[in-house]
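Chains as they are written, first to last, in this note's numbering: chain Y, 8 to 355; chain R, 8 to 355. Below you'll find the structure, written out as structure tokens, and then a few comments.
Protein chains: 2
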Amino acid sequence: MSTRERTVQAEAGERRRVTSFDVAERAGVSQSTVSRALAGLETITAATRRRVEEAARELGYFVDSRAARLRSGDTRTIAIVVITREGGDVRAINPFHFTLLGSTCAAAAARGFEALVTFQSEPEQLFGRFVEERRADAVIVIGTTANLPAWEHFRNLSEDQPNMAFWGVGGEENEWVRSDNLQGAQLAVERLVAAGHRRIAFVGETGGHQLQFGERYEGYCRAMTAQGLAPLPPVTGTGETRDGQGRAAMEAILKGDRPEGLFFACDAMALGALDHLAQRGIDVPGDIGVVGFDGLGSGAHSHPPLTTVEPEFALAGEMLVSVALDAGSSERRVPVRLVERRSVRAPR
Amino acid sequence: MSTRERTVQAEAGERRRVTSFDVAERAGVSQSTVSRALAGLETITAATRRRVEEAARELGYFVDSRAARLRSGDTRTIAIVVITREGGDVRAINPFHFTLLGSTCAAAAARGFEALVTFQSEPEQLFGRFVEERRADAVIVIGTTANLPAWEHFRNLSEDQPNMAFWGVGGEENEWVRSDNLQGAQLAVERLVAAGHRRIAFVGETGGHQLQFGERYEGYCRAMTAQGLAPLPPVTGTGETRDGQGRAAMEAILKGDRPEGLFFACDAMALGALDHLAQRGIDVPGDIGVVGFDGLGSGAHSHPPLTTVEPEFALAGEMLVSVALDAGSSERRVPVRLVERRSVRAPR
DNA sequence: TTGAAAGCGCTAACAT
DNA sequence: ATGTTAGCGCTTTCAA
């Protein structure tokens, strides 16, 4: 359809969306010049660009992203899937995943990508074909390891779908990003040792699907050995939530030979344990030292505030995005740091 | 281009995306039948549909959402903008907004919409023309009231952009959704009174941009009066964060005539205040009763765990989505409930 | 119930 | 530096 025909149609009174043809007519240039000017191509002279921009503003014109992306072939969008517990509501989501989601959105934006976010939990409704549907250029998967069918689903997807990245574990060999768990565990153990503790226990399941816990235990063992101390077998507690698991583990620990220091595989468990300790009247850090992992904000207000190992969230988001987009990206270990609060007594 | 031509091109060895034409050929039907079958239109016979679906599966075909939406005119997407502090990182975001974000995404999904999420903070980079760009059918704005330029930006947008919804306040008359603050305040005051407290103070700024705090104070005043008690002027504390403001307010309160009960306009402030109280050796709920507002998860692990007024998050998300989409939707007050924890002593 | 044809609004290849 | 033209892949008339 020519510009002339469109004009006639418009003048006939039909309500239409303003298109680049309308802008072209108003600016006295061709439609493709409008496209180039608004896309910021260098071949357009400053004067032409100004005229086009003004005409666009006057008409309230915005580029239709669907048409632009259909034609250009890309989407400039990254899909972020947050896996949650089956049947669970948003209140039950570990705040760690929210923080990670936030930094991933920010990292995507920094690279000029938009973020399409879905929370997925029910096995029969899992969906990850965002790239095939041209809804996104890549897919990032984060969330709870407790929902096995969901991880399985996305792991399978990644077999014939290169542009994916997983937090923790999943997908093909080179598609995961996770914390520097060995380093984190070392930081935790060294801090407890500095406080004078020698009998230090690790809390968290090590053989399960939360592969990062296994790494944290491995790091704990290495660090203990390096300090000339004997690593203890990992302690676990059963419960629906991490919180409950932490309480249960704490209860079990207090029944036996009491350790001087405790390294929890995640803050959520440590927080539950702290509650149990307080109820039992056991003083932290006086009677026992506690270190967590994840850098949860809640730890800042717990009793006492929780010393923890925190991944650099900003980097975590950036790495997820670049692994998802580039596939060739190599850095996949997120640096960690010790956040000193008050659940371990001062170094001697 | 005819089906025949496409076939020739494909056989010439050119790598192309699988299209509905390919599926049509394989299924032995026309391209439009493929479209109809996959869209689930009722006019297609079961046998035809099965053949099409099988061909699609065999070829790994998925509908290109850009093309489908360009043609059909919709986007089936809702943009969610989370306003954050200028220069702030994800760690500083109030977890309340994350929970609200989660429930809004869930509500959008329940209505068949996808969620395009952006975190926005810097004044020069604010963007909300998602509808004009045909990136979304509606825009929902949530986040911190502390970023004035951002709220101003989106409020302006809503003047000529009907499909918007704001959490708290903003936009045109009928575009906001917020907690039932009057009811929430009443719940809080009644609980403190039940514990035997009579001198009850309210903490939070009432004349500011956080309009909900004003409503909570109003509700506090009404509830106090209804109980035959004298409302006190609102107490505020200065600080960068809500946490700091809570501490400062607490410090100020302790300098004067000590109240028996405290109602905080938000949990984040209450949590800061609780820390200060603990440091000063003042027992909660023994020496003073505390109630917050927001239902923050952190409150479950504070010292003591924080009794709070919680909005029904699932409903909050649903209301935001339906206000954004329908414009005519009427229900905009989110019901609240009292979450009993341990910062107020048992009713007498 | 299905097929043929039009065209959504844009970008990019090819002209000039 | 700009105009002309083709066509991205689909949904939706219109016809049969």
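Every residue, glycine too, gets a C-beta built ideally from N, C-alpha and C.
- Thr-315 (chain R) sits in a strand when the DSSP states are folded into three classes.
- Glu-258 (chain R) carries a helical assignment under DSSP once its states are collapsed to helix, strand and coil.
- Secondary structure in the segment 116-175 of chain R: the alpha helix (DSSP H) runs of 4 residues or longer, each lying completely within the stretch, are 155-164 in chain order.
- Every beta strand (DSSP E) stretch that sits fully inside the segment 32-101 of chain R and reaches 3 residues is listed by chain position as 84-90.
- Glu-325 (chain Y) and Ile-147 (chain Y) have their C-alpha atoms roughly 11 Å apart.
- Every unbroken stretch of the beta strand (DSSP E) spanning 3 or more residues and falling wholly within the segment 192-236 of chain R is given here in chain order: 207-210.
- Taken through DSSP and simplified to helix, strand or coil, Ser-329 (chain Y) comes out as helix.
- In the DSSP annotation of this structure, the continuous segment of the beta strand (DSSP E) that includes Gly-296 (chain Y) starts and ends at 296-300.
- Listed along the chain, the chain R residues whose CB falls inside 9 Å of the CB of Ser-27 (chain Y) amount to none; the nearest CB is some 13 Å away.
- Look at Val-341 (chain R) here: in three-state DSSP terms it is strand.
- Close CB contacts of Asn-154 (chain R) within its chain, under the 8 Å cut and outside five residues either way in sequence, are with Ile-90, Thr-91, Arg-92, Glu-93 and Ser-128 (chain order).
- From the beta-carbon of Thr-125 (chain Y), the residues of chain R found nearer than 8 Å are Cys-112, Ala-116, Glu-121 and Ala-122.
- Close to Arg-141 (chain Y), with beta-carbon spacing below 7 Å, are these residues of chain R in chain order: Asp-71, Ser-72 and Arg-73.
- Per DSSP, the unbroken alpha helix (DSSP H) holding Gly-279 (chain Y) starts and ends at 274-286.
- Exclusion of the five residues before and after Arg-249 (chain R) leaves Asn-101, Cys-273, Ala-275, Met-276 and Gly-279 as the residues of its chain whose Cβ lies within less than 8 Å of its Cβ.
- Legend: CB atoms of the segment 277-311 of chain Y lying less than 9 Å from CB atoms of chain R belong to residues Leu-278, Gly-279, Leu-281, Asp-282, Ala-285, Gly-302, Leu-303, Gly-304, Ser-305, Gly-306, Ala-307, His-308, Ser-309, His-310 and Pro-311.
- The C-beta of Val-97 (chain Y) comes closer than 7 Å to at least one C-beta of chain R.
- A straight line joining the alpha-carbon of Phe-270 (chain Y) with that of Pro-342 (chain Y) spans about 18 Å.
- Cβ-Cβ distances below 7 Å link Ser-42 (chain R) to Ser-27 in the same chain, with the five nearest sequence neighbours on each side left out; the list follows chain order.
- Annotated as proximal: Arg-198 (chain Y) and Leu-345 (chain Y), with beta-carbon spacing under 7 Å.
- Note that the segment 72-79 of chain R touches the segment 135-150 of chain Y; at least 3 beta-carbon pairs, one per stretch, sit closer than 8 Å.
- Here Pro-241 (chain Y) is buried. Its C-beta has 16 or more other C-beta atoms within 10 Å.
- In its chain, beyond the 5 residues on either side, Ala-145 have a beta carbon closer than 6 Å to the beta carbon of Leu-332 (chain Y).
- At a C-beta separation below 9 Å, Ala-353 (chain Y) has no neighbours in chain R, since its nearest C-beta there lies roughly 17 Å away.
- Assigned with DSSP and collapsed to three states, Val-291 (chain Y) falls in coil, not helix or strand.
- Cβ-Cβ distances below 7 Å link Arg-136 (chain Y) to nothing in the same chain once the five nearest sequence neighbours on each side are left out.
- Straight-line spacing of the CA atoms in Arg-98 (chain R) and Ala-230 (chain R) works out to 36 Å.
- Here DSSP, grouped into helix, strand and coil, assigns Val-30 (chain R) to helix.
- Closest by C-alpha distance to Leu-284 (chain Y), out of Y:Asp-301, Y:Ala-256 and Y:Gly-302, is Y:Ala-256.
- For Ser-186 (chain Y), the enclosing beta strand (DSSP E) stretches over residues 183-186.
- Looking at Y:Ala-307, Y:Ser-305, Y:Asp-187 and Y:Thr-314, the one whose alpha-carbon comes closest to that of Pro-292 (chain Y) is Y:Thr-314.
- Contacts with chain R at 7 Å (Cβ-Cβ) include Thr-106 (chain Y).
- Counting of Cβ neighbours within 10 angstroms places Glu-347 (chain R) among the exposed residues, the total staying below 16.
- Scanning chain Y for C-beta atoms nearer than 7 Å to the C-beta of Phe-161 (chain R) yields nothing, as the closest lies near 16 Å away.
- Neighbours of Leu-77 (chain Y) in chain R, taken as residues whose beta carbon is under 8 Å from its own, are Asp-71, Arg-73, Ala-74 and Leu-77 in chain order.
- Using a Cβ-Cβ cut-off of 7 Å, Phe-320 (chain R) is close to Val-97 and Arg-98 of chain Y, given in chain order.
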